[in-house]
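Student:
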Amino acid sequence: MAIVCRPARMDELQRADDIVVASINEFTEKRGFGKMASSRPPNFQAFSLTDDPDGLWVADDGGEIVGFAWSWICDELWFLAQLFVAPDRQSGGIGNQLISKTFAHAEMRGASIKALITFAFNNVSQGLYIRHGLFPRFPIYMVSATRDHLASTLAEPQLRLESLTAKTAGFDQLALIDRSALGVSREKHHRYLLGDSTTSGFTIHAASECVGYVYISDGHIGPLAVRRPDLVGAALAAALSFAVQSDFPTISAFVPGASEPALRVATDHGMHLTFPMLLMSNRQFGNWASYLPRNPGFM
Ligand SMILES: CC(C)(COP(=O)(O)OP(=O)(O)OC[C@H]1O[C@@H](n2cnc3c(N)ncnc32)[C@H](O)[C@@H]1OP(=O)(O)O)[C@@H](O)C(=O)NCCC(=O)NCCS
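Numbered by this note's numbering, the letters in the sequence shown go through residues 6 to 304 in order.
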């Protein structure tokens with residue numbers, strides 16, 4: 006039976022995520038990086054499906070899901086959050102079929118920027134994306150350290166964090182910070198994060214001025230954005246100082262290679278580079294010295 010790429014349904018998101026996790030781990034283990042992904046409730050996928058059903062697709066082979074593609078759009082930015090094919094079905098053209106569906110989503114919405122984050126060590130995905138007009142821009146490193154080690158290296162933070170909740174959030178202010186860092190507003194994604202009980206949000210302050218925001222969940226820092234690139238190092242240091250007070254034994258973040266001060270803070274505090282990822286896009290956008298993504302799907 007021919008494989009059909011069709012819109013995903015809400016009750017399929019968990020199964021699709023199982024395939025994504027299996028596909029990531031098969032790939033990262035094969036390349037010597039160990040398992041990278043673990044199964045979690047597909048809450049952000051469900052949020053995206055409700056927000057924009059045209060962005061999520063499954064490859065269906067006679068009732069069996071063998072691939073999954075998911076993109077979201079904010080203003081003129083289309084972002085490919087996931088494109089995965091079951092390990093035993095790769096190199097059979099399914100990735101190409103799914104990418105056509107998800108690119109149609111970008112065309113339909115007139116999104117002029119297309120971007121994604123893929124594994125820096127996956128030549129197949131990069132070849133596929135380059136052929137579709139998305140080119141490598143810079144690496145993004147997953148960095149991590151034990152909480153105990155970090156705690157022994159951190160000085161008093163120069164910037165202050167204040168708790169951010171859905172009730173107190175100034176969404177206009179968050180949108181302004183995102184526009185200065187990324188060129189687009191991500192208001193709907195702030196609403197998603199602030200509704201997620203496992204994630205804590207904060208605004209970042211220099212004296213009385215709000216200079217950025219950060220989210221922290223399970224010891225993982227991101228997204229983090231600041232109004233100006235010269236603030237990013239101090240902002241990451243403040244987030245690390247907060248994160249080490251948690252019970253989580255490992256503290257991690259995603260740091261763009263384009264953000265020298267943030268990388269310097271991470272390495273000066275003994276954080277190790279665990280997974281090298283890569284930002285690919287059809288053109289330059291945003292100021293990535295000022296932004297740390299949450300993960301390759303949320304950006
Ligand atoms: C990346 C992935 C989605 C591609 O799906 P797929 O079904 O295997 O891909 P297809 O068979 O449709 O196409 C693969 C393309 O890559 C090309 N390719 C393979 N190796 C390549 C290389 N070393 N350099 C350049 N292109 C290469 C193939 O020629 C093919 O292109 P063509 O059909 O135009 O000839 C799939 O391999 C996968 O899930 N990988 C693991 C997880 C992952 O990295 N996902 C992407 C995360 S963003």
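C-beta atoms are modelled at their ideal positions from N, C-alpha and C, and glycine is treated no differently.
This one's a predicted model, so the numbers in the text were calculated from it and none came from an experiment.
Which residues share a DSSP beta bridge with GLU214?
Tutor: Residue mapping note: residue 214 aligns to position 209 of the sequence shown, counting from 1. In DSSP, GLU214 forms a bridge with ALA211.
Student: From what residue to what residue does the alpha helix (DSSP H) around PHE49 run?
Tutor: Here the question's residue 49 lines up with position 44 in the sequence shown. From DSSP, the alpha helix (DSSP H) with PHE49 extends over 48 to 56.
Student: Run through DSSP, which three-state label would PHE38 get?
Tutor: Position 33 of the sequence shown, counted from the first residue, corresponds to residue 38. Residue state, collapsed to three classes: coil.
Student: Between GLU167 and THR208, is the Cβ-Cβ spacing less than 8 angstroms?
Tutor: Within the sequence shown, the letter at position 162 stands for residue 167. Within the sequence shown, the letter at position 203 stands for residue 208. Their beta carbons are under 8 angstroms apart, which means GLU167 touches THR208 by this criterion.
Student: If you compare alpha carbons, which of ASP177, GLY238, VAL9 and ASP22 is closest to GLN163?
Tutor: In the sequence shown, counting from the first residue as 1, residue 163 sits at position 158. The candidate whose alpha carbon is nearest that of GLN163 is GLY238.
Student: With a floor of 3 residues, list each beta strand (DSSP E) that falls wholly inside the segment 168 to 229, ordered by position along the chain.
Tutor: Fully enclosed beta strand (DSSP E) runs of 3 or longer: 205 to 211 and 214 to 222.
Student: Among the residues of its own chain, which have a CB less than 6 angstroms from the CB of ALA120, if the five just before and after it don't count?
Tutor: Within the sequence shown, residue 120 is the residue found at index 115, counting from 1. Cβ neighbours of ALA120 beyond the five flanking positions: PHE84 and SER286.
Student: Looking at ligand 1, does it come within less than 7 angstroms of PHE97, judged from the CB to the closest heavy atom?
Tutor: Looking up residue 97 in the sequence shown gives position 92. Per the sequence shown, residue 97 should be read as Gly rather than Phe. Yes, Cβ of GLY97 sits closer than 7 angstroms to a heavy atom of ligand 1.
Student: From this set, TYR218, ASP22 and ASN292, which residue's C-alpha is nearest GLY302's C-alpha?
Tutor: In the sequence shown, counting from the first residue as 1, residue 302 sits at position 297. Residue ASP22 is the option with its Cα nearest to GLY302.
Student: With burial defined as no fewer than 16 other Cβ atoms inside 10 Å of the residue's Cβ, what is the status of SER53: buried or exposed?
Tutor: Working through the sequence shown from its first residue, we reach residue 53 at position 48. So SER53 ends up on the buried side.
Student: So, with DSSP's three-state summary, where would you put SER28?
Tutor: Reading the sequence shown from its first residue, position 23 is the one you call residue 28. If DSSP states are grouped into helix, strand and coil, SER28 belongs with the helices.
Student: Considering only residues of the same chain and omitting the five flanking positions on each side of LEU61, which have a CB-CB separation below 6 angstroms?
Tutor: If you number the sequence shown from 1, residue 61 lands on position 56. Contacts found: ALA13, LEU54 and TRP75.
Student: Would you list the one or two residues that DSSP bridges to ASP313?
Tutor: Beyond the ends of the chain as shown, which are 6 and 304, falls residue 313; an answer cannot be given.
Student: Under the criterion of a Cβ to heavy atom distance below 7 angstroms, does THR279 qualify as lining ligand 1?
Tutor: Taking the sequence shown and counting its residues from 1, one reaches residue 279 at position 274. For ligand 1, not one heavy atom lies less than 7 angstroms from the Cβ of THR279.
Student: Are the Cβ atoms of ALA64 and LEU103 separated by less than 8 angstroms?
Tutor: Within the sequence shown, numbered from 1, the residue matching residue 64 stands at position 59. Within the sequence shown, numbered from 1, the residue matching residue 103 stands at position 98. A contact, by the Cβ cut-off of 8 angstroms.
Student: At least one CB of chain C closer than 8 angstroms to the CB of PHE143: is that the case?
Tutor: Absent from the structure is chain C; it holds one protein chain and no more.
Student: Quick check on the burial criterion: 16 or more other C-beta atoms within 10 angstroms. Buried or exposed for VAL9?
Tutor: Locating residue 9 in the sequence shown gives position 4, where the first residue counts as 1. VAL9 comes out exposed.
Student: For GLN87, count neighbouring Cβ atoms within 10 angstroms of its own Cβ and tell me buried if that reaches 16, exposed if not.
Tutor: In the sequence shown, residue 87 corresponds to position 82, counting from 1. Label assigned to GLN87: buried.
Student: With DSSP run on the structure shown, which of helix, strand or coil describes LEU18?
Tutor: The residue given as residue 18 occupies position 13 in the sequence shown. It is helical.
Student: With a threshold of 7 angstroms on Cβ separation, who are the neighbours of MET41 within its own chain once the five nearest residues in sequence on each side are excluded?
Tutor: Taking the sequence shown and counting its residues from 1, one reaches residue 41 at position 36. Once the five neighbours on either side are set aside, the close Cβ partners of MET41 are ILE29, ASN30, THR33 and PHE280.
Student: Return the CA-CA distance between ALA125 and SER96, expressed in angstroms with no decimal places.
Tutor: Here residue 125 corresponds to residue number 120 of the sequence shown, with the count starting at 1. Here residue 96 corresponds to residue number 91 of the sequence shown, with the count starting at 1. The alpha-carbon atoms of ALA125 and SER96 are separated by roughly 19 angstroms.
Student: Please return the same chain residues whose Cβ sits closer than 6 angstroms to the Cβ of PHE305, not counting the five positions on each side in sequence.
Tutor: Absent from the model: residue 305. The displayed extent of the chain is 6 to 304, so no value can be given.
Student: Do VAL90 and ligand 1 come close, with the Cβ less than 7 angstroms from some heavy atom?
Tutor: Looking up residue 90 in the sequence shown gives position 85. Yes; taking the cut-off as 7 angstroms, the Cβ of VAL90 has a heavy atom of ligand 1 nearer than that.
Student: Report whether the distance from the Cβ of SER28 to the nearest heavy atom of ligand 1 is below 7 angstroms.
Tutor: As a first step, residue 28 must be located in the sequence shown, where it is residue number 23. Checking every heavy atom of ligand 1 against the Cβ of SER28, one is found closer than 7 angstroms.
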